[in-house]
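Asks: Chains as they are written, first to last, in this note's numbering: chain Z, 52 to 548; chain G, 16 to 797. We put the CB at the ideal spot given by N, CA and C, even for glycine.
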Amino acid sequence: MRRSIRYLSQGRVIEVADFDPTTTLLDHLRLARRRTGTKEGCNEGDCGACTVALGRLVDGRLVYEPVTACIRLLGTVDGCEVVTVEDLAEGGRLHPIQRALVDRHGSQCGFCTPGIVMSLFTLYAAPGPVDRAAVLDRLSGNLCRCTGYRPIVDAALEACAARPDDRPDDLFAAAAAETRLALAALDDGEEVFVGDEDRFFAAPRRLDTLDHILAACPDATLVAGATDVGLWITKAGRDLPRLIHLGHLDGLDRVEERDDEIVLGATVTLEEAGRILGRLDPDIAHLFRRIAGAQVRASGTLGGNIANGSPIGDTPPLLIALDASIELVRPGHVRRLPLEDFFIAYGRQDRAHDEILTRIFVPRPRPNHALRVFKIAKRHDQDISGLLGAVRLTLDGHAIAAARLAFGGMAATPKRAMGAETALVGASIADPASWRPALDALRADFTPLSDLRASADYRTEAAVGLVGKALVEIAGTPTTRTRIAGSREEASHGRAL
Amino acid sequence: MGAPSDAAPPTGDPTTVVGQPLAHESARLHVAGSAAYIDDLPEPAGTLHIVPGWCRTATRGRILRLDLDVVRATPGVVAVLTAADVPSVNDCSPSVGGDPVFAAQEIRFHGQVVFAVVAETRAIARRAARLAVIEVEAEKPAITVADALDRGTDVLPPYAFSKGDAAAAIAASPHVVSDGFMIGGQEHFYLETQVALAVPGDGDEIRILASTQHPTEVSHIAARALGLPEAAVPCECRRMGGGFGGKESQATQWAVIAALAARLTGRPAKIRLDRDDDMVMTGKRHDFRVDWSAGFDDTGRLIGVEVDFLARCGHSADLSQGVVDRTMFHADNAYDYPAARIATRRLMTDTVSATAFRGFGGPQGMVFAERMIDAIAIRLAKDPLDVRMANYYPDHEAESHGVTPYGQVVDDGILRALTGRLEATSDYRARVAAIDAFNRTSPVLKKGIALTPVKFGISFTLAHLNQAGALVHVYTDGSVSVNHGGTEMGQGLMTKVAQVVAEVFGLPLAGVRVTATATDKVPNTAPTAASSGSDMNGWAARRAAEAIRERLATVAAHLLGGEACDVRFVGGRVRIDARELTFADVVKQAHFARVPLSATGFYATPGITWDRVAGHGRPFFYFAYGAACSEVVIDTFTGEMRLTRADILHDAGRSLNPAIDIGQIEGAFVQGMGWVTAEELVWDDKGRLLTHAPSTYKIPTAHDVPEDFHVALWEGEARVDTIHRSKAVGEPPFMLAISVHSAILRALASLAPGHLPPLDLPATPEAILKAVRAMRHPETAP
């Protein structure tokens with residue numbers, strides 16, 4: 052048991068033993084360490100001004116990921132390298148990304164710039180060719196109100212194109228071997244407990260330790276990526292005195308690719324889940340790309356997106372359409388249930404307080420399945436869905452043998468459109484007239500709310516529109532003719548998603 | 016891109032530093048994270064932290080009870096400030112009053128500040144601020160334009176001006192179109208929220224560091240609130256993390272609260288708003304309802320125009336007089352109205368007071384003009400660009416010039432030439448044909464294209480603001496510093512002014528150091544607003560630098576032998592013919608000769624007049640022009656939209672810095688695109704702003720900007736004597752984004768030719784789908 056957390060900064064180990072569990076990485080950097088290059092723009096992980104890079108070892112490789120320091124809890128960076136904007140320049144020599152941003156006039160007021168530098172640093176640090184789509188993806192969680200982004204995108208492309216053999220050429224690449232050793236040395240296998248039983252940050256490694264803490268403190272808050280819990284602290288002003296971080300639990304980030312299904316551990320990040328599940332279908336890849344900005348995807352977990360029970364979480368409708376199930380574990384008991392049964396009512400899920408969501412089982416689509424996933428939001432990137440629809444048809448020739456239509460944003464929970472599903476069975480994908488009863492039934496399946504994202508009327512009409520679109524596409528219309536972005540044909544040609 | 020016909024009056028000498036695409040003076044600091052914003056500065060020992068408090072449960076009504084005991088009792092809380100703590104005037108209005116620093120008797124909007132917690136840490140202040148008990152005798156609030164019309168309350172009297180008899184002209188027209196539509200507001204979303212630090216000094220002095228576009232107003236109002244002379248409360252601003260108009264009047268209140276806290280505690284005090292507090296407590300762009308009628312002939316040429324702008328101003332006047340007047344000044348945009356009546360109401364609602372935002376009312380006026388032109392084109396089945404061109408003011412070389420509805424002769428027009436150029440480079444006509452063909456065979460997706468102009472008047476319409484001062488020092492080592500009344504919010508003003516000064520002395524840009532704007536260096540300054548920053552401060556700094564250069568020339572002539580008028584300052588050297596000295600040597604000799612090496616400069620914009628009562632004059636020194644061609648694709652099943660290409664040709668005169676100007680144009684266009692498409696402010700029926708953070712209020716991201724994005728500067732120069740014949744560029748390109756809205760309108764219009772799509776601003780997916788449905792049933796469309 053270690054009573055402190057440790058992270059790497061500029062090649063040195065920083066050990067922090069005395070911190071409040073709710074301390075964010077941003078406050079730690081700005082207030083405790085007085086490193087003020089990292090900015091606070093929104094304190095909710097939505098603007099990217101506070102972006103820093105976390106370096107960690109993945110299968111022995113050194114990987115840098117962008118995260119928003121404002122909602123990342125300090126305790127959760129235990130074992131990582133934390134790179135901030137101050138660390139990039141070597142002596143007076145700017146990092147290639149910094150240099151390119153100066154040369155291309157990529158800063159105006161400069162307040163978002165450190166975050167943009169750090170997001171692009173992580174892009175630069177990953178080997179491989181970088182195209183415009185990759186740049187836009189990496190900037191998906193960074194807002195700039197001054198430049199209109201064009202010079203920033205140009206700078207990123209220029210700096211990455213100048214890398215020899217598409218490999219990073221900076222002081223971090225030069226120090227990579229040393230950094231790997233230092234990170235390996237930090238990984239002492241210890242469980243972390245900072246504080247006392249009234250206020251603590253705990254990062255157990257073993258499930259039985261977790262059970263033990265939960266038994267002693269049933270009201271403790273479970274947290275993984277903190278992309279939601281972080282906001283309870285920074286926005287809602289809630290005090291969360293007892294925090295249990297799930298990110299260090301052994302095996303919970305494991306991925307198992309079986310013949311008939313893919314099994315994802317609950318703490319697999321949204322970024323990683325998107326990479327794996329995205330191979331199943333271009334629409335899945337596109338959806339994960341749009342779930343959140345790159346920083347939130349790098350921190351947030353698939354388990355968290357499910358377990359927090361939001362009616363507008365983006366992965367549950369997709370997973371329900373795919374007929375996924377989940378595993379819940381408590382001391383001495385393991386159970387598996389279809390994901391759709393997990394969501395009972397608004398804010399209520401089928402999970403006992405001492406149960407942990409451990410794994411998600413995603414059946415692979417079969418050849419006679421046709422899948423379509425659509426997210427509707429005011430903005431393409433880093434926006435919360437007004438509604439989201441996932442359609443999986445099972446086809447027998449032209450006949451629709453079965454249909455799973457799952458929606459987010461249409462009800463108090465992620466929910467299937469049972470009436471429309473029933474009406475689709477027996478319809479022909481080749482006969483648009485046979486779809487009509489299903490589209491009519493869909494209107495009756497939901498009574499959505501009006502809120503700031505969309506009116507009830509719009510939600511209903513758009514839901515009908517996107518089921519109609521799915522049918523038109525599955526019937527054979529190329530998606531370049533049905534979508535303003537994210538066409539499946541372009542994706543399958545390796546183009547921009 | 017050239018404009019051979021744009022022969023202008025004679026200009027100054029060729030320049031070497033001015034006109035170069037040099038990097039922003041702080042660019043290296045920005046990317047390294049070492050550009051300090053106020054919250055980044057080392058805090059003076061003992062600094063206290065302030066968080067404003069407000070009533071979360073009420074929108075409007077009398078305050079019955081304000082119980083701050085629990086707040087005061089919170090450990091770490093040093094003081095809690097209310098209206099009773101303001102020693103003198105409890106108001107921070109930039110105009111006619113009505114903006115209390117702390118609400119005293121009543122609350123006027125949801126988010127109005129009632130008190131402020133001053134504590135040892137920001138975390139303590141944040142927590143304590145939520146513990147207040149405020150009871151309000153709630154009244155039913157007026158939130159929307161319709162509510163305000165029902166209640167019949169205005170923040171300022173109605174105002175109108177006319178040209179000819181518009182009603183009679185419309186009545187006699189062969190065609191008439193009438194329409195009404197809504198224009199939404201806009202949150203500035205500067206990345207750095209409002210922030211100020213007040214530090215007590217000698218005796219009663221307090222120095223304020225504020226993120227403000229108007230340090231003079233901060234100093235003035237803080238002094239007035241504290242009952243101190245302005246000279247005792249200087250205000251300083253090195254840089255802002257974005258402004259866009261949102262730190263013109265809206266930065267003052269926080270600085271005043273910080274100064275008050277410093278005064279009452281004797282300790283330094285800092286206030287930095289949480290993003291949500293900032294969005295709830297500070298003003299935004301005005302939203303409008305617009306009702307209009309236009310009469311026109313078979314060719315689409317306008318005969319008469321009548322328009323009523325109903326502006327939702329919020330609870331107080333703030334800057335609404337100037338803002339809504341500027342809507343009126345731009346209700347013609349580029350079009351010569353033979354007869355017009357332009358009328359306004361400035362409606363009072365129980366919402367945060369609407370304020371300055373890039374364009375300052377101009378965008379709303381222009382949106383109307385472009386919608387009217389689109390409506391005429393739809394009615395007559397003509398290409399909208401042809402209708403635009405048919406109604407343009409003549410270019411400057413024409414024999415006769417048009418006259419605006421407010422009496423200004425448009426004698427510097429270039430839009431016919433500029434539009435012609437953009438029409439060609441954007442391949443407009445061929446793309447129109449291709450889009451028409453696409454739309455005929457595309458049931459789900461529809462495309463639209465629009466090429467729209469901008470003509471934007473440059474000058475403050477409040478005449479006394481058109482003045483600027485500067486202070487230039489030359490040090491004996493030859494280094495130079497410049498100070499002026501303008502503030503840096505990212506627009507590159509400091510870079511441009513430093514270029515102007517470097518040019519005067521023949522130095523490289525690095526030879527001139529920019530310094531923080533400070534009211535104890537250059538006093539009585541105008542806000543950095545109305546796009547006027549480099550026009551005015553550039554001239555003032557140039558005059559200061561030239562005064563020093565004249566003295567140096569005399570010294571150099573004496574040293575080198577020759578006449579002062581023959582002395583040249585080039586490349587860090589001072590020469591007459593082949594004889595030369597370094598700049599630093601001449602400076603040193605001047606100092607030994609006891610020649611002053613410091614000078615002030617002053618500039619007042621010439622030739623502007625405006626008689627508001629008569630509704631007549633020449634309020635603008637000149638006009639800035641531009642045009643944009645945007646193409647969009649919309650999804651008629653879901654209402655989603657994407658901008659696929661944009662081409663811009665913009666007039667920055669003879670650009671002081673083309674890189675900075677292109678940055679202003681691109682940034683303004685994208686910000687404008689946000690306003691007309693995705694940025695939607697939603698208030699509930701109780702007057703609570705629901706979109707108060709980036710999770711709910713969506714400004715554009717990189718993905719929203721098309722790869723096919725072409726921006727060019729028009730090669731011309733100002734026809735009046737602006738600084739190096741450049742033109743103001745901060746605001747005008749914002750309105751280029753109206754082309755995006757017109758393109759969406761055109762895509763929708765393809766669904767039912769001849770019918771005007773009922774599309775409001777912003778064109779969110781929901782608004783577009785609603786218009787699609789209306790167009791699918793055109794019998795119900797207007």
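With a Cβ-Cβ cutoff of 8 angstroms, do T87 (chain Z) and G166 (chain Z) count as a contact?
Replies: Cβ atoms of T87 (chain Z) and G166 (chain Z): not closer than 8 angstroms.
Asks: Using beta carbons (cut-off 8 angstroms, strictly below), is Q686 (chain G) in contact with chain Z?
Replies: At least one chain Z Cβ lies under 8 angstroms of Q686 (chain G).
Asks: What does a CB cutoff of less than 7 angstroms around D301 (chain Z) pick up in its chain, not counting 5 residues either side in sequence?
Replies: R256 and R257.
Asks: Can you say whether L388 (chain Z) is buried or exposed, counting buried as having 16 or more other CB atoms within 10 angstroms of its CB?
Replies: Exposed, because fewer than 16 other Cβ atoms sit within 10 Å of the Cβ of L388 (chain Z).
Asks: How should S193 (chain G) be labelled, buried or exposed, when 16 other C-beta atoms within 10 angstroms of its C-beta is the threshold for buried?
Replies: The residue in question, S193 (chain G), is exposed, as its Cβ has fewer than 16 Cβ neighbours within 10 Å.
Asks: Cβ closer than 7 angstroms: which chain G residues qualify as neighbours of R183 (chain Z)?
Replies: By Cβ distance, chain G contributes E722.
Asks: Find the residues of chain Z that neighbour Q506 (chain G), judging by a C-beta separation of less than 9 angstroms, and give them in chain order.
Replies: Within 9 angstroms Cβ-Cβ: Q159, C160 and C197.
Asks: With DSSP run on the structure shown, which of helix, strand or coil describes G143 (chain Z)?
Replies: Three-state DSSP puts G143 (chain Z) in coil, outside helix and strand.
Asks: How many whole angstroms separate the CB atoms of H125 (chain G) and R703 (chain G), which I take to be in contact at a CB cut-off of 8 angstroms?
Replies: That belief holds up - the Cβ atoms of H125 (chain G) and R703 (chain G) are roughly 5 angstroms apart, short of 8 angstroms.
Asks: Can you check whether the CB of G507 (chain G) is closer than 8 angstroms to the CB of V402 (chain G)?
Replies: No.
Asks: L574 (chain G) touches chain Z at which residues, Cβ-Cβ below 8 angstroms?
Replies: By Cβ distance, chain Z contributes nothing, its closest Cβ being about 37 angstroms from L574 (chain G), past 8 angstroms.
Asks: Which residues of chain G have a Cβ atom closer than 7 angstroms to the Cβ of T87 (chain Z), listed in chain order?
Replies: Near T87 (chain Z) (Cβ distances below 7 angstroms), the residues of chain G are D55.
Asks: Within the 8 angstroms Cβ cut-off, does E308 (chain Z) reach chain G?
Replies: Answer no: the Cβ-Cβ gap between E308 (chain Z) and chain G never drops below 8 angstroms.
Asks: Output yes if chain Z places a C-beta closer than 8 angstroms to the C-beta of A796 (chain G); else output no.
Replies: Residue placement at A796 (chain G) cannot be trusted, given a pLDDT of 48 that sits under 50; the coordinates are not used to answer.
Asks: Of all the CB atoms in chain G, is at least one closer than 8 angstroms to the CB of E322 (chain Z)?
Replies: No, no contact with chain G.
Asks: Helix, strand or coil, according to DSSP, for N552 (chain G) in the structure here?
Replies: In the structure shown, N552 (chain G) sits in a helix (DSSP, three-state: H, G or I).
Asks: Count Cβ pairs between the region 214-223 of chain G and the region 248-265 of chain G that sit closer than 8 angstroms; are there 3 or more?
Replies: Yes: at least three Cβ pairs fall under 8 angstroms.
Asks: Check whether the Cβ of K178 (chain G) lies closer than 8 angstroms to any Cβ atom in chain Z.
Replies: By this cut-off, K178 (chain G) is not an interface position.
Asks: Classify I65 (chain G) as buried or exposed, calling it buried when 16 or more other Cβ atoms lie within 10 Å of its own Cβ.
Replies: Flag for I65 (chain G) reads buried.
Asks: With DSSP run on the structure shown, which of helix, strand or coil describes P468 (chain G)?
Replies: Three-state DSSP puts P468 (chain G) in a strand.
Asks: Assuming I8 (chain Z) is part of the beta strand (DSSP E), what are its boundary residues?
Replies: Lying before the first or after the last residue shown, residue 8 (chain Z) is absent from chain Z, which here runs from 52 to 548.
Asks: Reducing DSSP to helix, strand and coil, say where K462 (chain G) ends up.
Replies: Here K462 (chain G) sits in strand by DSSP.
Asks: Compute the beta-carbon to beta-carbon distance between G463 (chain G) and A758 (chain G), rounded to the nearest angstrom, for a pair I have assumed lies under 8 angstroms.
Replies: G463 (chain G) to A758 (chain G), Cβ: 4 angstroms. Contact.
Asks: Would you say T119 (chain Z) reaches chain G, if we count a Cβ-Cβ gap shorter than 8 angstroms as a contact?
Replies: No, no contact with chain G.
Asks: Considering only their Cβ atoms, is the gap separating L63 (chain G) from L279 (chain G) smaller than 8 angstroms?
Replies: Cβ distance not < 8 angstroms, so L279 (chain G) and L63 (chain G) don't count as in contact.
Asks: Taking the C-alpha atoms as reference points, what is the distance between H792 (chain G) and A448 (chain G)?
Replies: Approximately 26 angstroms, taken between the alpha carbons.
Asks: Please state whether the Cβ-Cβ distance between I649 (chain G) and L460 (chain G) is less than 8 angstroms.
Replies: Yes, the Cβ-Cβ distance between I649 (chain G) and L460 (chain G) is below 8 angstroms.
Asks: Once DSSP output is grouped into helix, strand and coil, what is the label at L395 (chain G)?
Replies: Helix, per DSSP.
Asks: Give me, in chain order, the residues of the same chain whose beta-carbon lies closer than 6 angstroms to that of V380 (chain Z); leave out the 5 immediate sequence neighbours on both sides.
Replies: Cβ neighbours of V380 (chain Z) beyond the five flanking positions: I407 and T409.
Asks: Could you please give me the residues that DSSP links to C644 (chain G) through a beta bridge?
Replies: Note: C644 (chain G) sits in a beta bridge opposite G:L466 and G:D662.
Asks: Quick check: the Cα distance between A18 (chain G) and G260 (chain G), rounded to an integer number of angstroms?
Replies: For A18 (chain G), the predicted model reports a pLDDT of 39, less than 50, meaning its position is unreliable and no value from the coordinates is stated.
Asks: For a contact meaning CB atoms closer than 7 angstroms, what does P617 (chain Z) contact in chain G?
Replies: Because chain Z in this structure spans residues 52 to 548, residue 617 (chain Z) falls outside the shown range and cannot be described.
Asks: Check whether the region 594-608 of chain G and the region 527-547 of chain G touch, using three or more Cβ-Cβ pairs below 8 angstroms as the test.
Replies: No, the region 594-608 of chain G does not touch the region 527-547 of chain G.
Asks: Since I believe L59 (chain Z) is in contact with V133 (chain Z) (beta carbons under 8 angstroms), could you give me their beta-carbon distance rounded to a whole number of angstroms?
Replies: Correct: roughly 7 angstroms between the Cβ atoms.
Asks: R546 (chain Z): buried (16+ other C-beta within 10 angstroms of its C-beta) or exposed?
Replies: Because R546 (chain Z) sits at a pLDDT of 40, beneath the cut-off of 50, its placement in the model cannot be relied upon, and the point is left open.
Asks: Report, in whole angstroms, the separation of the C-beta atoms of V726 (chain G) and I677 (chain G), which I expect to be a contact under 8 angstroms.
Replies: 6 angstroms between Cβ atoms; contact.
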